[in-house]
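Protein chains in written order, with the working numbering: chain R, 1472 to 1695; chain E, 17 to 131. Here a beta-carbon is modelled for each residue, glycine too, at the ideal position from N, C-alpha and C.
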Amino acid sequence: MEQEKQVLVVFPHPDDEAFGVSGTIASYIERGTPVTYACLTLGEMGRNLGNPPFATRESLPKIRKKELQDAANALGITDLRMLGLRDKTVEFEDDDVLTKKITTLIHELTPSLIITFYPGYSVHPDHEATARAVVRAVEALPVKDKPKLQCVAFSNNCVAELGEPDIIHDITPVQDKKIAAMKAHRSQTEAMLADWAEKLEAEDPELLGWIQKERLWTYQWPEN
Amino acid sequence: MKPIEREEVQRAIDSFCERDVFLHLETTNGAYASHHDESFFSAGAYIRNAKVRYEHGKIVGDDPYRVGLKLEIGWVYAEGLNHFEIDEQGRLLLAGLDSTGKLAVALQISPQPFE
């Protein structure tokens, strides 16, 4: 893992950070690198309300806001920004307005690394819209000011089209923090983590491998 | 939320009759449906804070239920509803949760706009 001056993580939903890069985030923080997490929505449209349900469509945003703050605390994130957009509407926002939100963050923080989704390979329309906005914001920067851009991809065709990820972080030393972050998003992860309990107990190599190896792709700028 | 009690829901529907109310109506099979099964045709719709006034409304069926609202010049309905709550703001929240607890449909009626 290279030394960074400042990391900016941009995702649309509380819990987007947890599965793919929470170990990476915790690792940067442990080595003293400041990490800002900008989360665009509160996941208002999440389908999981608990089973049996402990949330409603209307109480879910408040619950997920708290879960997001708990997850941030578990990872040691001290700069959490909630950008106030609404789940499942990100792609319908004005593109320029969305880009400007990211540009403003970049100007304020001057990150050396930005982590977001890989446009075209991240399945959910909000992921895609967030990724496109980050790419537009970075693209507009002068070459000398461009941070590194590393992306999470998980569409079924991502490896076939992008190749294997060029960055793999072994986050085993901070695995407990990652699991704590996943657990913090209780409304969304409770059922899944219950399914995992037995496998974690048995140290299932496939599951542990998935948790411990975080995969990122360096964004490939289109050739002019 | 708890399983629908039909009579209580009908009383709540009646209480919002013939006045301006705000609707949240949503159907979804989840943003990942076509990711998990590429043959799956994903569809859904969402409207938040539609201001309507209905002449009458009715809950029909036997778990899951259907709710229809007859407007002066139109209709609103939702099917697959099985859970409800009348929240602290007096809003009627109806939802259809699948066998794993995931929301598939929501119909909500409020006397004031939803946040």
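Residue i to residue j, Cα distance in whole Å?
| i | j | result |
| --- | --- | --- |
| N1627 of chain R | I1639 of chain R | 19 Å |
| K1648 of chain R | S1493 of chain R | 8 Å |
| A1604 of chain R | F1490 of chain R | 22 Å |
| D1541 of chain R | A1655 of chain R | 6 Å |
| A94 of chain E | G77 of chain E | 12 Å |
| E1538 of chain R | T1507 of chain R | 17 Å |
| D1487 of chain R | E34 of chain E | 43 Å |
| L123 of chain E | I1534 of chain R | 20 Å |
| L97 of chain E | D103 of chain E | 17 Å |
| G112 of chain E | N45 of chain E | 11 Å |
| T1495 of chain R | K1684 of chain R | 10 Å |
| T1689 of chain R | L1671 of chain R | 30 Å |
| G90 of chain E | W1692 of chain R | 50 Å |
| L39 of chain E | V121 of chain E | 13 Å |
| E1501 of chain R | H1598 of chain R | 27 Å |
| E101 of chain E | E1529 of chain R | 11 Å |
| L1664 of chain R | L1679 of chain R | 13 Å |
| P1596 of chain R | S58 of chain E | 12 Å |
| V83 of chain E | T1587 of chain R | 41 Å |
| Q1646 of chain R | I1682 of chain R | 8 Å |
| S1583 of chain R | Q128 of chain E | 46 Å |
| D1675 of chain R | E88 of chain E | 60 Å |
| F1482 of chain R | F32 of chain E | 39 Å |
| L1569 of chain R | D30 of chain E | 42 Å |
| I1642 of chain R | L119 of chain E | 33 Å |
| F1625 of chain R | L110 of chain E | 33 Å |
| P80 of chain E | M1653 of chain R | 32 Å |
| A1631 of chain R | M17 of chain E | 43 Å |
With 8 Å as the threshold, decide whether the Cβ of residue i is near any Cβ in chain R.
| i | result |
| --- | --- |
| E118 of chain E | In the sequence as displayed, the identity of residue 118 of chain E is Lys instead of Glu. K118 of chain E counts as touching chain R. |
| L109 of chain E | yes |
| G46 of chain E | yes |
| E21 of chain E | no |
| L113 of chain E | yes |
| E88 of chain E | no |
| E101 of chain E | yes |
Would you please verify whether the beta carbon of residue i is less than 8 Å from any beta carbon of chain E?
| i | result |
| --- | --- |
| A1662 of chain R | yes |
| R1518 of chain R | yes |
| H1656 of chain R | no |
| S1626 of chain R | yes |
| P1524 of chain R | yes |
Verify whether the separation of the beta carbon atoms of residue i and residue j is less than 8 Å.
| i | j | result |
| --- | --- | --- |
| V1480 of chain R | A1509 of chain R | yes |
| N1623 of chain R | I1585 of chain R | In the sequence on display, residue 1623 of chain R carries Val and not Asn. Cβ atoms of V1623 of chain R and I1585 of chain R: not closer than 8 Å. |
| V68 of chain E | V25 of chain E | no |
| D1550 of chain R | H1484 of chain R | no |
| L1580 of chain R | L1511 of chain R | no |
| A1602 of chain R | T1574 of chain R | no |
| H99 of chain E | I20 of chain E | yes |
| P1505 of chain R | Q1477 of chain R | yes |
| K86 of chain E | Y70 of chain E | yes |
| A1651 of chain R | A1543 of chain R | no |
| P1524 of chain R | G117 of chain E | yes |
| R22 of chain E | I75 of chain E | yes |
| P1636 of chain R | R1686 of chain R | yes |
| L1513 of chain R | L1520 of chain R | no |
| Q1659 of chain R | G1517 of chain R | yes |
| N1522 of chain R | A1662 of chain R | yes |
| L1556 of chain R | E1564 of chain R | yes |
Against residue i, what residues of chain R qualify as contacts under a CB-to-CB distance less than 7 Å, listed in chain order?
| i | result |
| --- | --- |
| D53 of chain E | Near D53 of chain E there are no residues of chain R at all, since even the closest Cβ is about 10 Å away, more than 7 Å. |
Residues of chain R with CB under 8 Å from residue i, in chain order?
| i | result |
| --- | --- |
| A122 of chain E | R1528 |
| F130 of chain E | E1529 |
For residue i, which residues in chain R fall below 9 Å Cβ to Cβ?
| i | result |
| --- | --- |
| F56 of chain E | Neighbours of F56 of chain E on chain R: none; closest Cβ ~13 Å, over 9 Å. |
| H40 of chain E | R1528 and E1529 |
Counting only Cβ pairs nearer than 9 Å, list the residues of chain E close to residue i.
| i | result |
| --- | --- |
| S1583 of chain R | Ordered by position in chain E, no residue passes the 9 Å Cβ test against S1583 of chain R, which lies about 32 Å from the chain. |
Find the residues of chain E that neighbour residue i, judging by a C-beta separation of less than 7 Å, and give them in chain order.
| i | result |
| --- | --- |
| G1521 of chain R | G117 |
So residue i contacts chain E; which residues on that side make the cut at Cβ distance below 8 Å?
| i | result |
| --- | --- |
| V1594 of chain R | A47, Y48 and H51 |
Flag residue i as yes when its Cβ comes closer than 7 Å to any non-hydrogen atom of the ligand MG, and as no otherwise.
| i | result |
| --- | --- |
| D79 of chain E | Only the bare structure without any ligand can be found here, which leaves the ligand MG out of the picture. |
If you measure from the beta carbon of residue i to each beta carbon in chain C, is any gap under 8 Å?
| i | result |
| --- | --- |
| R1552 of chain R | Structure shown: chain C not included; protein chains present are R and E. |
Checklist entry - Of all the alpha helix (DSSP H) runs that stay within the bounds of the region 1606-1640 of chain R, which reach a length of 4 or more residues? => result 1629-1633
Checklist entry - What residue ranges within the region 1476-1553 of chain R form continuous alpha helix (DSSP H) runs of no fewer than 4 residues, ordered along the chain? => result 1487-1501 and 1531-1546
Item to check | Every unbroken beta strand (DSSP E) within the region 36-103 of chain E, with a cutoff of 3 residues, ordered by chain | outcome: 37-43, 61-68, 70-77, 81-87, 90-97 and 99-102
Item to check | Ranges of the alpha helix (DSSP H) found wholly within the region 1552-1601 of chain R, counting only runs of at least 4 | outcome: 1566-1580
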